[in-house]
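First up is the structure itself, then whatever we jot down about it.
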């Protein structure tokens with residue numbers, strides 16, 4: 061599949077495909093902006109596609125669509141590896157196949173479209189690439205605590221620990237703060253909040269799951 | 061200061077100012093999209109303002125500008141507290157003064173502008189509010205390891221531990237992976253990467269700092 065946009069200024073595309081191993085200027089700064097644009101544009105797609113999903117669910121769905129591994133898959137589909145500019149070391153060690161390099165180049169390309177022809181063009185490219193992916197991804201019917209538990213158990217890791225850290229407000233609108241802690245695969249401790257202890261635990265589990273899934277490959 | 065945008069559809073503004081304690085529909089989903097839009101728009105401002113800043117620096121600057129506390133300051137300047145729709149419990153416990161509620165309402169308003177009149181209007185509002193803030197914020201002359209060390213020392217916490225976890229590539233384009241671990245104020249372990257061990261440590265320290273600063277108040 062070809063990248064669904066033809067650049068007016070091909071120099072922007074070249075820059076977006078230039079890895080830091082090839083020297084400066086390279087795509088690192090563009091990647092920062094592209095990542096942010098992708099985040100917003102995929103957020104919009106999910107917002108439209110899932111009118112009843114909670115904020116936590118939308119975040120989780122986005123983390124599934126926008127992460128190093130998922131973007132590397134797109135980078136491969138678009139055959140970005142063929143056009144990457146790499147330093148000689150990365151070239152020899154097969155950098156054009158590396159997930160992180162492909163994902164970064166894809167993000168940088170998104171920013172390059174934005175610079176080349178503005179937001180609408182960028183939005184169109186992202187929607188074209190992500191609409192089918194958004195349609196495929198299902199809202200999990202399992203709650204976050206269950207998913208986190210399964211994720212950890214599947215890796216033979218200990219279960220998370222939930223602790224009530226605070227609760228306040230009046231009885232009919234009480235708010236609960238709960239912490240969720242895991243030690244492996246990396247130490248994570250987050251707080252969740254909700255209108256019940258269970259809801260706060262779900263919120264915290266959601267955040268931990270997101271961190272685990274966001275980890276760049 | 062008034063919110064620098066007049067809504068065609070005032071219902072969107074009302075929804076953006078409706079906290080979940082007031083029932084459904086509320087601003088939680090809009091906040092998700094608004095947060096993403098803010099991230100992209102402030103990224104663009106920083107990209108323009110700091111043509112020589114690295115990706116890591118841009119991320120750090122954005123985390124200083126877009127976090128719960130900083131957005132609550134804007135929410136207060138805009139006097140959003142006066143127009144918030146809160147449930148009776150939050151109303152009595154002073155929810156209109158709470159950082160997280162003000163920050164969330166501000167984020168939701170950004171999305172409301174996007175829905176009301178599109179990207180350009182939203183961009184204009186965000187640029188108006190953030191351009192002076194971007195101008196004030198300075199690129200720190202101190203490197204990330206120093207800043208992380210000072211942040212932890214200032215709180216009487218132990219220093220981070222850096223460990224080389226991997227290195228690969230040929231001599232002239234070698235890449236180093238380094239982990240940075242802290243136990244307090246919360247357990248964080250991240251990996252950094254760079255063309256030297258020191259650069260990888262800086263990269264990892266930058267990420268840890270960002271996590272610490274990003275923590276919503």
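Protein chains in written order, with my numbering: chain W, 61 to 277; chain L, 61 to 277.
Note that beta-carbon positions come from the ideal geometry of N, C-alpha and C, so glycine has one too.
| Check | Outcome |
| --- | --- |
| Backbone secondary structure at residue 227 (chain L) - three-state DSSP | strand |
| Outcome for residue 95 (chain L) when other beta-carbon atoms lying within 10 angstroms are tallied against a minimum of 16 | buried |
| Any chain W beta carbon closer than 8 angstroms to residue 100 (chain L) | yes |
| Residue 239 (chain L), enclosing beta strand (DSSP E) - first and last residue | 235 to 242 |
| Within 8 angstroms, strictly: CB atoms of residue 79 (chain L) and residue 155 (chain L) | yes |
| With 16 other Cβ atoms within 10 Å as the buried cut-off, status of residue 277 (chain L) | Low confidence applies here, because residue 277 (chain L) scores a pLDDT of 33, under 50, leaving its location unreliable; read the following figure in that light. Exposed, because fewer than 16 other Cβ atoms sit within 10 Å of the Cβ of residue 277 (chain L). |
| Between the CA atoms of residue 91 (chain W) and residue 242 (chain L) - distance to the nearest angstrom | 28 angstroms |
| Coarse secondary structure for residue 250 (chain W), derived from DSSP in three states | strand |
| Distance, residue 218 (chain W) Cα to residue 212 (chain W) Cα | 7 angstroms |
| Through-space distance from residue 254 (chain L) to residue 229 (chain L), alpha-carbon basis | 12 angstroms |
| Reduced DSSP category for residue 144 (chain L) - H, G, I as helix; E, B as strand; rest coil | coil |
| Outcome for residue 134 (chain L) when other beta-carbon atoms lying within 10 angstroms are tallied against a minimum of 16 | buried |
| Residue 224 (chain L) classed as buried or exposed, judged by whether at least 16 other C-beta atoms fall within 10 angstroms | exposed |
| Cβ neighbour criterion (16 or more within 10 Å) applied to residue 205 (chain W) | buried |
| Contact check, residue 64 (chain W) vs residue 146 (chain W), beta carbons under 8 angstroms | no |
| Outcome for residue 256 (chain L) when other beta-carbon atoms lying within 10 angstroms are tallied against a minimum of 16 | exposed |
| Interface residues of the region 89 to 119 of chain L facing chain W [CB-CB below 7 angstroms] | 89, 91, 92, 93, 96, 97, 99, 100, 103, 104, 107, 114, 115, 118 and 119 |
| Under 8 angstroms from the C-beta of residue 249 (chain W): neighbouring residues of chain L | 246 and 247 |
| At least three beta-carbon pairs within less than 8 angstroms, the region 99 to 117 of chain L to the region 180 to 196 of chain L | yes |
| 4-residue-minimum alpha helix (DSSP H) runs that sit fully inside the region 95 to 161 of chain L, ordered along the chain | 115 to 125, 128 to 137 and 148 to 152 |
| Residue 65 (chain W) - DSSP class collapsed to helix/strand/coil | coil |
| Whole-angstrom C-beta distance between residue 73 (chain W) and residue 169 (chain W), which should lie under 8 angstroms | 7 angstroms |
| Beta bridge counterpart(s) of residue 279 (chain W) as assigned by DSSP | Residue 279 (chain W) cannot be examined here, being either before or after the span of chain W that is shown, 61 to 277. |
| Residue 194 (chain L) versus residue 160 (chain L) - alpha carbon distance | 22 angstroms |
| Assumed close pair residue 249 (chain W), residue 247 (chain L) - CB separation to whole angstroms, cut-off 8 angstroms | 6 angstroms |
| Closer than 8 angstroms at the beta carbon, the chain W residues around residue 233 (chain L) | 81, 147, 148, 149 and 150 |
| Within-8 angstroms CB hit, residue 179 (chain W) to chain L | yes |
| Which residues DSSP lists as bridging residue 197 (chain L), in chain order | Answer is none; residue 197 (chain L) lacks a bridge partner. |
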